[in-house]
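Protein chains in written order, with the numbering used here: chain A, 389 to 639; chain B, 71 to 528.
Worksheet: the structure to be examined is printed underneath.
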């Protein structure tokens, strides 16, 4: 079942066009990987899905992006509600310089989700458990989040993202700053999370895309070159450029 | 004479630089150089200028006192005090320069001739010695250039010493200032008990003035109480911060988070220009515009307002400090990493929530640091207070009355003629050192807070 449907999306940074007529269907409760060389527009596309491009003054988005028939690329859209529903995990772990507890409680607080202290404690605990971090930090929830190791920080950011129970989580190269062990933990986590949420992940590691995703899209120079089931993209792509990229002949 | 000598040394140094470089190119044709040709030039120039200039400086420092000793030798049998000897020496110098207008005795005339003679000998000796040094050091340096010795290391060591001497000079001057403050203050505290100074509540140094005599110790006890000055200083600084902190901080947040690039591009330089307005301009603005305005408003409301009120001075001082706080806090807030903002926006936080919950707490140590620096500026501000808040040291907490500050009193004490050694004059040093201690304390705290903030994101 389709969760997000993008049609003819064009993105401009000032006068420079970064995305050309991208159309893609993202299925519900699956992991969709976006791959491609640096600067190909995959992160730009990802940031269209929760309107993070609004933050960049010179950025302009055209085309239609629908999530459950709600038009995302519309002036009337309530961006705060959208971002409550579409969480995001960034390339570099970016916990707030607050305690671990406050980091996870941040989203529920600003959206008024928890009614009482007990309820908030419950949300923090479940989120940390889902992010596979609970056992490591349960005795030091009042320590500063930036004091954790890189992999723990990234899992804290995932816990923060899932604390408001989003329907979609966007991940922008979430493992590029992590070592192989932390990467394996995050990948395992992605596998668990997809039972409940739709995940779109941008990655530079093709083996990671092959391991975690069900669908893969290959971007090149701002265009979506090929999109399809991960197995097919990696074993038998239709397009010569995809074939070249996957076998490491360029990019 | 001195100017010609120094110019000559410097010109010679430049010449030897080019000469050394050229010589290196000649050496290059027969053997491998130990450094780039310019190092040969630097080496010669350094050997030319440094020894000669050092001797010149030492000579200039010691010559006057040696000449003085020679002249005053003739007066040792007259049993004169140090001050009288100094007076005679001044007379001799004036006579030699032809500017003396008093009675000329034979003895004085003789001394003046001797002075001129000694000066002449000293000058010729100076020129001769410096020329000799130039020849010696240049020939020594030229020998080692000819031998193609290693050139890089001596030049680097020389540069290191030049830099060391420059920083030593800066440090020594600072230490000297602090110590002169300290010694004068100690002399003041010999006349006035430190307890009376710190805890006394009356500041009225003028009443200790007695023509040609020692002031009454009983009077001294009650004239140098610094409490009204400290109270006034902190009171006016407090009023200033009440104006400057809210406006400065809010405009800093606007500039860094809300203003578009166009606004920021013009607003930030304009605010920084405001910081460059001379304080004396703010001073007459406070005295001529704000002061009477405050008085009028107060009178309209039926309040008794002095024309020179603490409120006017404090408010204008606050305006003066606004650019300081807004510019610094803008820098600190801009330095908060973008990925923290992204993280907050991606959670669905609005701009104001992001500012309040993520950016402001992250920037807080830096903001506190900038506020402390601003406080120490407010405490040290002089002109506005002198012009707008009066000079009478009232002990008051009423912002509508006039009050005075430490800096303003220092101005009052040192304006016009003073007697050195008078406790009134020396009290300026005591005030100066207490002000120095307060601002030093504030600056140390501010800098350590800012430093701790910097380490946080590295």
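Heads up, the beta-carbon is just placed ideally off N, CA and C, and yes, glycines get one too.
Fair warning: this is a prediction, and the values are worked out from it, not measured in the lab.
Reduced DSSP category for residue i - H, G, I as helix; E, B as strand; rest coil
i: residue 170 (chain B); result: coil
i: residue 528 (chain B); result: Residue placement at residue 528 (chain B) is poorly supported in this model, since its pLDDT is 41, which falls under 50; the coordinates still yield a value, given next. Residue 528 (chain B) falls in the coil class under three-state DSSP.
i: residue 384 (chain A); result: As shown, chain A starts at 389 and ends at 639. That puts residue 384 (chain A) outside it, with no answer to give.
i: residue 185 (chain B); result: helix
i: residue 274 (chain B); result: coil
i: residue 101 (chain B); result: coil
i: residue 503 (chain A); result: coil
i: residue 469 (chain B); result: coil
i: residue 524 (chain A); result: helix
i: residue 447 (chain A); result: strand
i: residue 409 (chain A); result: strand
i: residue 488 (chain A); result: helix
i: residue 532 (chain A); result: strand
i: residue 625 (chain A); result: coil
i: residue 160 (chain B); result: helix
i: residue 153 (chain B); result: helix
i: residue 431 (chain B); result: helix
i: residue 218 (chain B); result: coil
i: residue 427 (chain A); result: coil
i: residue 71 (chain B); result: coil
i: residue 486 (chain B); result: coil
i: residue 438 (chain A); result: coil
Opposing strand residues paired with residue i [DSSP bridges]
i: residue 395 (chain A); result: A:452
i: residue 421 (chain A); result: A:589, A:604
i: residue 458 (chain A); result: A:455
i: residue 659 (chain A); result: Residue 659 (chain A) lies beyond the residue range present for chain A, which begins at 389 and ends at 639; the question has no answer from this structure.
i: residue 414 (chain A); result: A:392
i: residue 612 (chain A); result: A:607
i: residue 404 (chain A); result: A:401
i: residue 617 (chain A); result: A:603
i: residue 294 (chain B); result: B:273
Beta-carbon proximity list for residue i, same chain, < 6 Å, skipping 5 on both sides
i: residue 528 (chain B); result: In this prediction, residue 528 (chain B) has a pLDDT of 41, which is less than 50 and means its spatial position is unreliable; nothing more can be read from the coordinates.
i: residue 563 (chain A); result: 571, 574
i: residue 327 (chain B); result: 425
i: residue 550 (chain A); result: 515, 518
i: residue 399 (chain B); result: 319, 322, 437, 440
Contacts around residue i, its chain only, beta-carbon distance under 7 Å, and the 5 residues preceding and following it disregarded
i: residue 94 (chain B); result: 103, 107, 110
i: residue 170 (chain B); result: 161, 164
i: residue 629 (chain A); result: 608, 613
i: residue 389 (chain A); result: 415, 416
i: residue 521 (chain A); result: 540, 543, 544, 547
i: residue 531 (chain A); result: 487, 488
i: residue 252 (chain B); result: 503
i: residue 166 (chain B); result: 182, 185, 186
i: residue 408 (chain A); result: 398, 610, 611
Residues near residue i in its chain [Cβ-Cβ closer than 8 Å; skip 5 each side]
i: residue 255 (chain B); result: 496, 499, 500, 502, 503
i: residue 542 (chain A); result: 477, 481, 562, 563, 565, 566, 570, 574
Distance cut-off 8 Å: residue i Cβ against heavy atoms of the ligand ZN
i: residue 422 (chain A); result: Ligands displayed in this structure: none; no statement on the ligand ZN is therefore possible.
- Message: Quick test of the definition: if touching needs 3 or more C-beta pairs under 8 Å, does the region 504-511 of chain A touch the region 435-449 of chain B?
- Response: Not touching, per the Cβ criterion.
- Query: Using 8 Å as the threshold, is the region 465-478 of chain A in touch with the region 511-524 of chain A, meaning 3 or more CB pairs across them?
  - Reply: Counting Cβ pairs under 8 Å, fewer than three are found: no touch.
- Flag this pair as touching only if the region 577-595 of chain A and the region 423-441 of chain A have three or more C-beta atom pairs under 8 Å; answer yes or no. A contact is defined here as three or more CB-CB pairs under 8 Å, and the region 577-595 of chain A meets this definition with respect to the region 423-441 of chain A.
- Query: Using 8 Å as the Cβ pair cut-off and three pairs as the minimum, do the region 426-445 of chain A and the region 527-543 of chain A touch?
  - Reply: The region 426-445 of chain A makes no contact with the region 527-543 of chain A, as fewer than three CB pairs between them are under 8 Å.
- Message: Below 8 Å, how does it come out for the region 446-464 of chain A and the region 542-554 of chain A: are there three or more Cβ pairs, yes or no?
- Response: Contact fails: fewer than three Cβ-Cβ distances are below 8 Å.
- Query: Which parts of the region 393-426 of chain B are runs of the beta strand (DSSP E), unbroken and 3 residues or longer, counting only runs that do not cross its ends?
  - Reply: If only complete runs of 3 or more residues are kept, the region 393-426 of chain B shows no beta strand (DSSP E) anywhere.
- Message: Does the contact criterion of 3 or more C-beta pairs under 8 Å hold for the region 380-399 of chain B versus the region 303-316 of chain B?
- Response: Yes, since at least three Cβ pairs between the region 380-399 of chain B and the region 303-316 of chain B fall closer than 8 Å, the two stretches touch.
- Query: Quick one: any contact between the region 441-452 of chain B and the region 575-586 of chain A, if contact means 3 or more CB pairs under 8 Å?
  - Reply: With a cut-off of 8 Å, the region 575-586 of chain A and the region 441-452 of chain B do not count as touching, because too few Cβ pairs lie within range.
- Any chance the region 115-131 of chain B sits against the region 240-251 of chain B, with 3 or more Cβ pairs inside 8 Å? Contact fails: fewer than three Cβ-Cβ distances are below 8 Å.
- Query: Are at least three pairs of beta-carbons, each pair with one atom in the region 445-464 of chain B and one in the region 299-308 of chain B, less than 8 Å apart?
  - Reply: At 8 Å Cβ cutoff, the stretches touch.
- Message: With a threshold of 8 Å, are at least 3 pairs of Cβ atoms found where one atom belongs to the region 553-569 of chain A and the other to the region 519-528 of chain A?
- Response: These segments do not touch.
- Quick check: the region 405-418 of chain B against the region 367-379 of chain B, are there 3 or more CB pairs under 8 Å? Verdict: no, contact absent.
- Decide if the region 212-226 of chain B is in contact with the region 475-489 of chain B; the criterion is three or more beta carbon pairs, one per stretch, under 8 Å apart. Touching, no.
- Are the region 254-271 of chain B and the region 225-240 of chain B touching by the rule of at least three beta carbon pairs closer than 8 Å? Taking 8 Å as the limit for Cβ pairs, the verdict is that the region 225-240 of chain B does not touch the region 254-271 of chain B.
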